[in-house]
Each structure stands twice: as structure tokens, then as C-alpha cells.
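Numbering (full-length UniProt numbering), first residue to last: 1 to 258. The beta-carbon is built from N, C-alpha and C at its ideal position, and this holds for glycine as well. The structure appears below as C-alpha cells.
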Amino acid sequence: EGAIVFTADEKELFLKIDHQLNEWISVASYIEKRPRRMPFPTTPSAGSTRAPLAPVFLSNVVYGPKLRLVALPYLLPGDLYYKSGSSILGGDYACQDAAQKVGMTRSYFKVFLNGMYSSLDTVVHRTQRTAVPVVNYYGQRLFNSFEEMLNNGNWNNRIAIQDFGGKDIAQWTENIGRKEILAWQGVRRSQRLSEPFTPDCEGFSNRDKLKTGRATNLLSGSLFQSREITCDSRLVVLCIEAFDENSDTLNPMDYRRK
């Protein structure tokens with residue numbers, strides 16, 4: 001996708017020579033032995049952490065309102081323990097903390113999982129569930145809406161999911177070459193009603209190896225594979241924006257899970 005690009009303003013032809021580093025050269029400059037690099041990734045200044053610039057050429061980018069689905073940059077066990085917090089509160093804190101660290105100060109992220117008495121259906125603000133696209137870190141469309149995401153759960157797996165550092169989860173050191181990258185999977189309201197005892201590590205509050213939850217392989221392009229796994233496992237955790245960062249101020253009481 002976009003390995004060769006012609007820029008009309010500069011009248012130059014660019015060739016991508018390294019997909020992982022997003023390195024490009026001008027064909028004309030290459031003949032003259034003068035390679036040209038694009039400025040990605042960037043190095044954050046001392047004492048601050050900033051989100052990297054997006055790769056220059058992307059497909060299926062959404063402009064306007066959107067909800068970002070992003071992975072935490074580390075794995076968590078089934079109780080979502082993070083900085084003395086656990087369960088959904090610990091997960092929500094981990095997501096918001098990760099967002100703040102990369103400068104997403106206008107965003108409100110929540111863990112894309114459920115509590116013991118809640119479901120995935122209310123993670124996103126009620127006004128944002130039917131018409132706002134769900135995208136990855138760089139704004140590429142994954143789903144047309146949060147509602148479609150819950151009802152279908154399948155996306156084009158050629159569009160990657162990144163962590164809060166902007167890194168493709170398949171490029172994590174421990175994931176390179178793997179055919180599976182497992183993430184914790186939450187419970188939808190319909191499942192809660194039809195399967196009252198759906199295994200979910202007791203509302204993601206337990207990391208006992210004798211308890212079980214469900215997981216999905218993110219490389220498959222599916223959020224709901226429902227593969228049973230023990231709660232002591234450390235898996236990828238997904239976070240989602242509760243509302244578009246540029247939306248009008250909303251009632252904080254509407255952010256509660258139900």
C-alpha cells in the first residue's frame with residue numbers, strides 16, 4: 001500500500017525502502033547518492049513523553065469525530081491490577097494514565113472490558129455509540145461505530161492495532177514472529193443474559209489460575225473469539241475512548257458503566 005508516491009508540488013517520486021521504520025527516499029536523490037528520510041519516529045524531549053508522529057501514508061483514515069481503540073503498552077493478568085487498583089477501576093486507571101503520559105489530555109479512555117455486574121455495552125458514552133467510527137491509534141477505520149463493533153467484532157486485520165506509544169502490537173519484541181497475540185475479552189449484555197455464568201475472571205477481579213476468562217487473538221481480526229484461558233495469564237488489554245475528544249462537554253454521570 002503506497003510503496004511508490006509522486007508529489008505534485010515537488011515533482012518528485014518517492015520510494016518506501018523500509019516499512020517498519022517508515023523510511024522513504026527520493027528516486028532522483030537516490031541516483032545522486034543523496035538519500036532523503038522522513039521524520040518518523042521522533043525522539044521525545046528530555047523529561048516529557050509525547051505520542052509519535054503518524055506514518056506519512058495511511059489508508060482508511062477517518063477525519064472528524066472518532067473513538068480510538070488502543071492497547072496498553074504492557075500485559076495485565078485477569079484481575080487488571082495496576083498501581084494498587086484492580087478490576088475495572090484498575091483497568092480504567094491504567095488506560096487513562098497511559099493516555100495522559102503521551103499527551104492525550106483531552107481524551108477519556110476506559111478499559112474495553114466489563115465488571116462483575118456490567119457489560120461492554122456501556123463503556124462508550126450513550127451519544128457516541130451508533131454514529132462515531134472506531135479507529136486505531138493513527139485514525140484508521142476499524143469499525144463504522146461502537147455498536148457495529150459489539151455486534152460484529154470483525155475488522156480488516158491488515159489495519160493494525162497499536163499501543164499508546166504508537167507501536168504496532170505485532171512489533172513488540174515478545175510478539176515478533178508470533179501467530180497469536182491474545183487479549184482479554186469482555187462480556188456483552190446479550191451474553192450476560194443468555195449465559196449468566198460466562199467466565200470473565202469474576203468481572204476481571206481475580207487472577208487465580210483455577211479461574212477462567214475469555215481471550216481473543218488480535219491477529220485474527222476478531223474481538224470475540226471466546227477462547228477460554230486461566231486468569232493468571234498476562235494478556236494484552238484494549239482501551240477505548242468513551243467519547244470523541246472534540247465533542248462538547250458531556251455530563252460526567254453518563255460515563256458510568258451499567
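Environment of residue i [buried if 16+ CB atoms lie within 10 Å]
{"i": "Q171", "result": "exposed"}
{"i": "Y82", "result": "buried"}
{"i": "I240", "result": "buried"}
{"i": "G213", "result": "buried"}
{"i": "S210", "result": "Just to set this straight, residue 210 is Leu in the shown sequence, not Ser. L210 comes out exposed."}
{"i": "I169", "result": "buried"}
{"i": "L238", "result": "buried"}
{"i": "P196", "result": "exposed"}
{"i": "G177", "result": "exposed"}
{"i": "L67", "result": "buried"}
{"i": "G103", "result": "exposed"}
Proximal residues to residue i (C-beta, below 7 Å), its chain only, five neighbours per side dropped
{"i": "L142", "result": "L69, V134, V135, N136, W155 and I159"}
{"i": "G153", "result": "S222, L223 and F224"}
{"i": "K110", "result": "D92, C95, V123, C239, I240 and A242"}
Minimum C-alpha distance to residue i - residue among the options
{"i": "F243", "options": "T212, Q128 and Y63", "result": "Q128"}
{"i": "N246", "options": "E180, G85 and R106", "result": "R106"}
{"i": "N157", "options": "S190, L67 and N217", "result": "N217"}
{"i": "T130", "options": "G139, Q140, E148 and N175", "result": "E148"}
{"i": "K179", "options": "K110, V62, L219 and L235", "result": "L219"}
{"i": "I229", "options": "C95, G186 and V123", "result": "G186"}
{"i": "R234", "options": "R126, K66, L182 and N60", "result": "L182"}
{"i": "A99", "options": "Q162, G177 and I176", "result": "Q162"}
{"i": "V236", "options": "N175, Q191, S194 and N60", "result": "N175"}
Sequence-distant residues of its chain with Cβ nearer than 8 Å to residue i (five each side left out)
{"i": "L150", "result": "L120, D121 and R188"}
{"i": "D79", "result": "S86, S87, G90, C201, F204, S205, N206, R207 and C231"}
{"i": "Y93", "result": "Y82, K83 and G85"}
Chain B within 8 Å of residue i, Cβ atoms only
{"i": "E245", "result": "In the structure shown, chain B cannot be found, because there is only a single protein chain."}
*asked:* Measuring CB atoms only, is the segment 224-237 touching the segment 119-139, in the sense that at least three cross pairs come out at less than 8 Å?
replied: Contact between the segment 224-237 and the segment 119-139 is absent, because fewer than three Cβ pairs lie under 8 Å.
*Is the segment 108-115 touching the segment 78-94 in the sense that three or more CB pairs, one from each, lie closer than 8 Å?*
As far as the Cβ criterion goes, the segment 78-94 touches the segment 108-115, which means the pair count is three or higher.
*3 or more residues per run - each beta strand (DSSP E) lying fully within the segment 67-100*: Entirely contained in the segment 67-100, the beta strand (DSSP E) runs reaching 3 residues are, in chain order, 67-71.
_Uninterrupted alpha helix (DSSP H) stretches inside the segment 120-160 (no shorter than 4 residues)_ = For the alpha helix (DSSP H) assignment, the uninterrupted runs of no fewer than 4 residues enclosed by the segment 120-160 are, from N- to C-terminal side, 146-151.
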